[in-house]
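> First the structure, which I've put down as structure tokens, then a few questions once you've had a look.
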Amino acid sequence: MADILNRQHVKVTFFAANERTNTGDGSLGTHWASWWQARAAEGHEFASHTYDHSYWRANVPGGPGEALQFRVRPSAGPFEGQDLIWTAAQYCEAIAQANIRLQEITGKKPLPLFRAPGGKTSPQLVAAAKACGYAAVGWSAAGFLGDELSSEKYSNEMLLQRALKTIQSGDVLMAHLGIWSRRDPWAPAVLEPLITGLKTRGFCFKTLREHPQYKLWIAGTSAAALAK
């Protein structure tokens, strides 16, 4: 995937969590540090996917005078597969932990954004994250590229043609670095023809730093951090 992005001169925003990998330690571990460093050198952006890839499951009302909490389920790390009850501060810590590790590895400050695993959030969770400095990023309907769908039902060619037909200007596209469950991997097979096909339609590609929905938030958050 990285080779294709480099060859096509496309910069993206990587949302990272410390997930299991087929080689070495977790995806934010020492084994993969050089991979992230190379992406930073190429000019890509980074943001948090929560450190242990923790899915929001439900809001949990607090008692009298207590703040709302959140039920989450990490899919990586020491509490993998367990339901936990987190305060807003604990959820923010999970976002920040991935950003801290990304900056340690790459030397580049991640964007003040996060993508919730599975896109699962509540309005209250989004508000809590924003209160501690992180705006939630989802994806556009046409931008769901289908790399985690069943190959038997959704062939690579079907996914490619659907994306080429439906993606519009300003859409946020979403794909994964690795999906183990798909028999016919989406990347790299679909990625390059998708990029070239969209370029033929007149599109260009930008990171979320330049997206109209997020660029003012990013600039404002960065300015506030410098003023402290």
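For the sequence shown, counting from 1, position 223 maps to 222 in numbering that gives the first Met the number 0; every step adds exactly one. Glycine included, every Cβ here is placed at the ideal spot set by N, Cα and C.
How many angstroms separate the CA atom of Ile84 from the CA atom of Lys129?
Rounded to the nearest angstrom, the two C-alpha atoms are 19 Å apart.
> Does the stretch 172–186 come into contact with the stretch 142–161, if we say contact requires no fewer than three beta-carbon pairs (one atom in each stretch) closer than 8 Å?
Yes, since at least three Cβ pairs between the stretch 172–186 and the stretch 142–161 fall closer than 8 Å, the two stretches touch.
> Which of the three DSSP states, helix, strand or coil, is assigned to Ala188?
Looking at Ala188 - three-state DSSP - the assignment turns out to be coil, as it is neither helix nor strand.
> Could you have a look at Ser149 and say whether DSSP puts it in helix, strand or coil?
In the structure shown, Ser149 sits in coil (DSSP, three-state: anything other than H, G, I, E or B).
> List the endpoints of the continuous alpha helix (DSSP H) containing Lys33.
It should be pointed out that residue 33 corresponds to Ser in this sequence rather than to Lys. Ala32 to Glu41 is the span of the alpha helix (DSSP H), which, as asked, contains Ser33.
> Count the other C-beta atoms from every protein chain shown that fall within 10 angstroms of the C-beta of Leu207, then say buried if there are 16 or more, exposed otherwise.
Its Cβ being crowded by 16 or more others within 10 Å, Leu207 is buried.
> Distance, Cα to Cα, Met157 vs Gly61?
If you take the alpha carbons of Met157 and Gly61, they lie about 46 Å apart.
> Classify Thr105: buried if its beta carbon has 16 or more other beta carbons within 10 angstroms, exposed otherwise.
Label assigned to Thr105: buried.
> Is it true that the CB of Ala39 sits closer than 8 Å to the CB of Lys107?
Taking 8 Å as the Cβ cut-off, Lys107 and Ala39 qualify as a contacting pair.
> Taking only the alpha-carbon atoms, compute the straight-line gap between Ser74 and Pro63 and give it to the nearest angstrom.
About 31 Å.
> Going along the chain, which residues of its own chain have a beta-carbon closer than 6 Å to the beta-carbon of Ser121, five neighbours each way excluded?
Taken in chain order, the residues that qualify are Asn58.
> With a 10 Å radius around its C-beta and 16 neighbouring C-beta atoms as the bar for buried, classify Ser33 as buried or exposed.
It counts as exposed.
> DSSP state of Trp55, grouped into three classes?
Strand at Trp55.
> Which runs of the beta strand (DSSP E) spanning at least 3 residues fall entirely within the stretch 88–133, listed in chain order?
If we require 3 residues or more, the stretch 88–133 turns out to have no beta strand (DSSP E) run fully inside it.
> Consult DSSP for Tyr206 and reduce its assignment to one of helix, strand or coil.
Before going on, a small fix: residue 206 reads as Thr here, not Tyr. Looking at Thr206 - three-state DSSP - the assignment turns out to be coil, as it is neither helix nor strand.
> Find the nearest neighbour of Gly142 within the set Glu151, Gly132 and Ala162, judged by alpha-carbon distance.
For the residues Glu151, Gly132 and Ala162, the minimum Cα distance to Gly142 belongs to Ala162.
> In whole angstroms, what separates the C-alpha of Thr86 from that of Leu27?
About 24 Å.
> Any idea what DSSP makes of Leu172, helix, strand or coil?
Coil at Leu172, not helix or strand.
> Measuring CA to CA, which of Ala186, Trp185 and Ala134 is closest to Ser221?
When each option's Cα is compared against that of Ser221, the closest is Ala134.
> What is the DSSP secondary structure of Ile166, reduced to helix, strand or coil?
In the structure shown, Ile166 sits in coil (DSSP, three-state: anything other than H, G, I, E or B).
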